[in-house]
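In the UniProt record's numbering, the protein residues as written are 1 to 189.
Just so you know, even glycine gets a beta-carbon here, dropped at the ideal spot from N, CA and C.
Below is one structure, written out as structure tokens; comments come after it.
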Amino acid sequence: MAQVLKEEIKNRIYKAASKIFYEKGFLKTKMKDISEEAEIPVGLVYTYYKNKEELFDEIVNPIYHYLNLAIEKEEKEEGSALERFKATGEEYVLKLLNQHKNLVILMDKAQGTKHENAKQVFIKILENHIKRQVQKKGIIIEEKILIHILASNFTESLLEIARHYENSEWAKKMLNLVTKCYYEGVNSI
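If you want it as structure tokens, here you go:
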């Protein structure tokens, strides 16, 4: 019974922190805000989390995990870029979008944390992914900035879906439209 209560309290803290970080961002959030939202004493929050940074990390770290899994799985697939994305990458990107608030927290609300450059990190991860795929196909891109632009546009597209998230079906529809344009061009829609 005590273990169930501990998990329930930890879940309340996590949900409260996600809500407050989403509303206020890391810098403006106080542990007292989180404890009030979770309806528990602030001292109890510190029983579960050493500090605000540790709690923030627990909320945002899964986002990196899903991005890396999407890329890792997609790179093992054969076929065109769109076929590889549809085969595996889409599943993990949808998991990212199902955590839309945490994605927004990481990308927009992380000032003052070690994650404040998360968007640039995402772009760099995608740039490296695109470079590996281009090299694998033997394609030479003279304008190196193109890879950065593609990675940046895709990252911003995902973030816009997360910022305007309505529900999982809507997110899937928007992701399908974005990837169709991304891989096949705007004339494909």
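Put Ala-87 into one of helix, strand or coil per three-state DSSP. Correct three-state label for Ala-87: helix.
Straight-line gap, Thr-47 to Gly-185 (C-alpha atoms, nearest Å): For Thr-47 and Gly-185, the distance between alpha carbons rounds to 52 Å.
Does the segment 98 to 117 come close enough to the segment 9 to 21 to have 3 or more Cβ pairs within less than 8 Å? Output reads yes: the segment 9 to 21 touches the segment 98 to 117.
Quick one, are the C-beta atoms of Ile-59 and Leu-96 less than 9 Å apart? Not closer than 9 Å, so no.
Where His-148 sits in the DSSP three-state scheme: If DSSP states are grouped into helix, strand and coil, His-148 belongs with the helices.
Run of the alpha helix (DSSP H) containing Tyr-183, from where it starts to where it stops: 168 to 184 is the span of the alpha helix (DSSP H), which, as asked, contains Tyr-183.
Could you give the residue range of the alpha helix (DSSP H) that holds Gly-43? Per DSSP, the continuous alpha helix (DSSP H) segment holding Gly-43 begins and ends at 42 to 48.
Can you list, in chain order, the residues of its chain whose CB lies under 7 Å from that of Leu-106, leaving out five sequence neighbours each side? Cβ neighbours of Leu-106 beyond the five flanking positions: Val-60, Ile-63, His-115 and Ala-118.
Output yes or no for whether 9 Å exceeds the beta carbon distance between Glu-77 and Ala-87. One thing to note: Glu-77 has its Cβ within 9 Å of the Cβ of Ala-87.
If we count the other Cβ atoms within 10 Å of its Cβ and call it buried at 16 or more, is Gln-99 buried or exposed? So Gln-99 ends up on the buried side.
Residue environment, residue 199, which counts as buried when at least 16 other CB atoms sit within 10 Å: Outside the shown range of the chain, which is 1 to 189, sits residue 199, and nothing can be said about it.
Contact test: Glu-77 Cβ vs the ligand MN heavy atom, cutoff 8 Å: Of ligands this structure carries none, so the ligand MN is not represented either.
Output the distance between the C-alpha atoms of Met-31 and Glu-160, rounded to the nearest integer angstrom. Cα to Cα, Met-31 sits roughly 29 Å from Glu-160.
Rounded to a whole number of angstroms, what is the C-alpha to C-alpha distance between Ile-130 and Tyr-165? The alpha-carbon atoms of Ile-130 and Tyr-165 are separated by roughly 26 Å.
Between the Cα of Val-93 and those of Gly-79, Lys-136, Arg-132 and Met-174, spot the shortest distance and give me the residue it belongs to. Distances from the alpha-carbon of Val-93 to those of Gly-79, Lys-136, Arg-132 and Met-174 put Met-174 closest.
Consult DSSP for Ser-80 and reduce its assignment to one of helix, strand or coil. Residue state, collapsed to three classes: coil.
C-beta atoms of residue 229 and Val-134 nearer than 9 Å: Residue 229 cannot be examined here, being either before or after the span of the chain that is shown, 1 to 189.
Just mark Arg-132 as buried or exposed, buried being the case when its beta carbon has 16 or more other beta carbons within 10 Å. Around the beta carbon of Arg-132, fewer than 16 other beta carbons lie within 10 angstroms, which makes this residue exposed.
Buried versus exposed, by CB contacts within 10 Å (16 or more), Leu-27: Burial call: exposed.
Helix, strand or coil at Asn-117 according to DSSP, with G and I counted as helix: Assigned with DSSP and collapsed to three states, Asn-117 falls in coil, not helix or strand.
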